[in-house]
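Terminal number for the sequence shown in our numbering: 444, no gaps in between.
Every residue, glycine too, gets a C-beta built ideally from N, C-alpha and C.
Have a look at the structure below before the remarks.
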Amino acid sequence: MENHNPLQLRTVNVARYVTPLREGGSLPAIVEADDEFLYVLKFRGAGQGVKALIAELIGGEIARSLGFRVPEIVFAEVDSAFGRTEPDEEIQDLLQFSEGLNLALHYLSGAITYDPVVTKIDPLLASQIVWLDSFITNVDRTARNTNMLMWYKELWLIDHGASLYFHHSWDNWEEQAKRPFQAIKDHVLLPWASQLEEVDVAFSALLTAEKLEAIVASIPEDWLLKDRTPEEAQEARNVYKQFLTLRLNASKTFVKAAQHARQANI
179 MENHNPLQLR
189 TVNVARYVTP
199 LREGGSLPAI
209 VEADDEFLYV
219 LKFRGAGQGV
229 KALIAELIGG
239 EIARSLGFRV
249 PEIVFAEVDS
259 AFGRTEPDEE
269 IQDLLQFSEG
279 LNLALHYLSG
289 AITYDPVVTK
299 IDPLLASQIV
309 WLDSFITNVD
319 RTARNTNMLM
329 WYKELWLIDH
339 GASLYFHHSW
349 DNWEEQAKRP
359 FQAIKDHVLL
369 PWASQLEEVD
379 VAFSALLTAE
389 KLEAIVASIP
399 EDWLLKDRTP
409 EEAQEARNVY
419 KQFLTLRLNA
429 SKTFVKAAQH
439 ARQANI
């Protein structure tokens, strides 16, 4: 099988299930790996399956390439025997359906959820995060669920599995790539995002074709092969790359939509 990992992400083996994170809709968990570090494990056997893992990988690594703080993303192997001693039947089933390659993020021990009332974000950083989420169509950075953490007084971005929702319906992906992102109206940082045009210029230059290609090339073949032939899997990889390229070229459309939404909210 072809090896896709140009970003050189590490692969760890899950050694111990520590505790579920029940606030997550897909029931992620804190686990210990064979490198003795703790990770937040995202399961391929959860509701959205490997699509959520692909979105997490692409969204997180795009954020990292733009200079945001994102916990280290690793591939995580779950052994078939791993869940046999788990007493909770729901978790046991999840572990069984997640045998093989999963995705995990380094666990930021002691981090607290970002609260806009407590911590003020400057307009440039707010604009950068709003731009990112408009680009990757991330519906999950709202006041109810910010998916940002404060760790040692620095802001970290987490949970990008709800991004790239075009891949839940592939039929009109080209049209979706060029659309404004209407859900940006609910973004927790939108009121402070007053520098979107400046950010658009800077980030459009940073996200080169080579960077996008390297990120998409890192999607494990195994994830793309689910319910597909090898030829269809390669086509799916190409669609991800083309979607991101088209969306970047149409960035003025989603920037304008975010600006209009911000004006309507102020």
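In the DSSP assignment, the residues bridged to Glu210 are Arg194 and Leu216.
Annotated three-state conformation of Phe275 is helix, per DSSP.
DSSP places Phe253 inside the beta strand (DSSP E), whose first and last residues are Ile251 to Val256. Asn280 carries a strand assignment under DSSP once its states are collapsed to helix, strand and coil. Distance between Gly225 and Glu234, taken at the CA atoms: about 14 angstroms. Between Glu376 and Ser305, the gap from beta carbon to beta carbon is short of 9 angstroms.
Counting only the Cα atoms, Thr320 lies some 17 angstroms from Ala442. Exposed is the label assigned to His438, since fewer than 16 other Cβ atoms lie within 10 Å of its Cβ. Boundaries of the alpha helix (DSSP H) harbouring Trp309: Pro301 to Phe313, taken from the DSSP string. Val196 and Asp213 have their C-alpha atoms spaced approximately 15 angstroms apart. Taking 8 angstroms as the upper bound for CB-CB distance, Trp334 and Arg242 are not in contact here, some 11 angstroms apart.
Per DSSP, reduced to three states, the secondary structure at Leu403 is coil, with no helix or strand assignment. As computed with DSSP, Ile290 is found in a beta bridge with Met328. With a cut-off of 8 angstroms on Cβ pairs, the region 358-373 is in contact with the region 305-316, counting three or more such pairs. Pairwise C-beta distances place the region 377-393 out of contact with the region 350-366, as fewer than three of them are shorter than 8 angstroms. Note on geometry: alpha-carbon atoms of Lys389 and Trp309 lie some 17 angstroms from one another. Excluding residues up to 5 positions away in sequence, His345 and His346 lie with their Cβ nearer than 7 angstroms to the Cβ of Lys229 in the same chain. Going by DSSP, Ile362 is part of no alpha helix (DSSP H) at all; its letter is neither H nor E. Residues of the same chain with a CB within less than 8 angstroms of the CB of Ala387, apart from the 5 flanking positions on each side, are Thr423 in chain order. Taking 9 angstroms as the cut-off, the beta carbon of His338 is found no closer than this to the beta carbon of Asn323.
Leu199 and Ile236 have their C-alpha atoms roughly 22 angstroms apart.
Distance from the Cα of Gly227 is smallest, within the candidate group Thr291, Pro408, Asp400 and Thr315, for Asp400.
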